[in-house]
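Enquirer: Under the numbering used here, residues 38 to 296 are what the sequence shown spells out, in order. Pasting in a structure now, in structure tokens, and then I'll have a few things to ask.
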Amino acid sequence: MSDEDAEREAPKPRQRRSLTKRLRLRLRRLIRHDRAMRLLAFLVEQALTVIVATQSRLAPRTESDAALRRHGPVIVGCWHGQHLLAPFFRPKDMRFVALLSKNADAEVNARVVERLGVETVRGSGGRVPGKTLEKGGARALIALRRRMAEGASVFMIADVSKATPRQAGLGIVTLAKISGRPIMPCAATTSRRHVVRRSWDKTTIPLPFGRMAVVVGDPIFVPADADAALLEEKRREVTAAIEGANRRALELVSAEMAA
């Protein structure tokens, strides 16, 4: 076959994108079957467990554990795309509940989290500030408040799916307001990682045999009588705090790689 023939037969960029989209849609249809979903959740959970087991911690686990215990129950806030490590840095003696979306795409995430010992509540905060309590969000926040009253802490992805990444939504500050419990800005990253750059949230997948840094920031409290203006101020504070935790975690693994 000549170079010209090979070039003609090679898929064009638009064709490749179309093929990728079709494969993604087929995968989505497949995982909606319960048996396939259970198998995929098992495989993801096992893979993450093995990957985390190969990491060296850059700081003693006791430091992050103590920070979370000191203020518990707490609301652990992190970003979309950087949440895969969250279940692994929870203190083993603390009960945690995770808020996950109700859509079918989140079902695998929910099953993986449950396999890792974290309970789940399904709901969403909506995509714009004015819709924070829509899409089942109000019921989800009430359910989370009830669990926190029973002593559970919460894992919550602070930014909203398919909205502006790395901008906290009002859901997390609303939960802090109605529960009276603090938000703990957190980040975890590894020195060896793959970033899915075409995903809206730049999902980060940890790779084995690296170094892992976990950073827990200072608690952020939201008064029970906070009005809309104060909630917006706290939302911005949470955004800055989680970004700060992420920068610090990246600095730690980068410094280790350079050493």
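Ideal placement from N, C-alpha and C gives every residue a C-beta, glycine not left out.
State the Cα-Cα distance for the pair Asp71 and Thr240, rounded to the nearest angstrom.
Expert: So the alpha carbons of these two residues sit roughly 25 Å apart.
Enquirer: So Ile209 packs on Val275, CB below 8 Å; how close in whole Å?
Expert: Here Ile209 really is in contact with Val275; their C-beta atoms are around 6 Å apart, less than 8 Å.
Enquirer: Can you check which of these residues, Ala84, Thr211, Leu287, Ala282, is closest to Leu121 by C-alpha distance?
Expert: Minimum Cα distance to Leu121 is reached at Ala84.
Enquirer: For Glu234 and Ala175, what's the separation of their Cα atoms in angstroms?
Expert: Here residue 234 turns out to be Arg, not Glu, going by the sequence shown. So the alpha carbons of these two residues sit roughly 32 Å apart.
Enquirer: For Ala205, which of helix, strand or coil comes out of DSSP?
Expert: strand
Enquirer: Pull up the distance between the alpha-carbon of Ala205 and that of Glu270, whole angstroms please.
Expert: 11 Å
Enquirer: With distances taken Cα to Cα, identify the nearest neighbour of Leu244 among Leu76, Val89, Phe79.
Expert: Val89
Enquirer: Tell me which same chain residues have a C-beta within less than 7 Å of the C-beta of Gly109, skipping the five on either side of it?
Expert: Taken in chain order, the residues that qualify are Met131, Ser190.
Enquirer: What three-state label does DSSP hand Leu178 in the structure shown?
Expert: helix
Enquirer: List, from N- to C-terminal side, the alpha helix (DSSP H) runs of 4 residues or more that fit wholly inside the segment 79 to 154.
Expert: Uninterrupted alpha helix (DSSP H) stretches at least 4 residues long and entirely within the segment 79 to 154 occur at 98 to 107, 144 to 152, given in chain order.
Enquirer: Please classify Glu274: does DSSP put it in a helix, a strand, or coil?
Expert: helix
Enquirer: With DSSP as the reference, label Ala195 as helix, strand or coil.
Expert: coil
Enquirer: Could you tell me the alpha carbon to alpha carbon distance between Val259 and Val87, rounded to whole angstroms?
Expert: Each residue's alpha carbon lies about 38 Å from the other.
Enquirer: Going by beta carbon distance, what residues of the same chain come within less than 6 Å of Ile194, once the five residues before and after it are set aside?
Expert: His117, His120
Enquirer: DSSP on Arg284, reduced to helix/strand/coil?
Expert: helix
Enquirer: When we look at the beta-carbon of Lys214 and count the other beta-carbons within 10 Å, is it buried (16 or more) or exposed?
Expert: buried
Enquirer: Mapping the DSSP letters down to three states, classify Ser190 as helix, strand or coil.
Expert: strand
Enquirer: Taking the DSSP output, what are the residues bridged to Val232?
Expert: Thr241
Enquirer: From the DSSP secondary-structure annotation, give me the bridge partner or partners of Val210.
Expert: Per DSSP, none; premise fails for Val210.
Enquirer: Ordered along the chain, which non-local residues of its own chain (more than five positions away) have a Cβ less than 7 Å from that of Ala180?
Expert: Val158
Enquirer: Identify the continuous beta strand (DSSP E) that holds Val259 and give its terminal residues.
Expert: Run containing Val259: none; DSSP gives neither H nor E here.
Enquirer: Helix, strand or coil, according to DSSP, for Val290 in the structure here?
Expert: helix
Enquirer: Would Ala224 be called buried (16 or more neighbouring beta carbons within 10 Å of its own) or exposed?
Expert: buried
Enquirer: If you draw a straight line from the alpha carbon of Gly167 to that of Phe246, how long is it in whole angstroms?
Expert: Residue confidence for Gly167 is low, a pLDDT of 49 falling below 50, so the modelled location carries little weight; the figure read from the coordinates is stated next. Going by the C-alpha atoms only, they are around 44 Å apart.
Enquirer: Among the residues of its own chain, which have a CB less than 7 Å from the CB of Pro128, if the five just before and after it don't count?
Expert: Asp102, Leu105, Arg106
Enquirer: Leaving out five residues before and five after Val149 in sequence, what residues of the same chain have Cβ atoms less than 7 Å from its Cβ?
Expert: Ala78, Val81, Glu82
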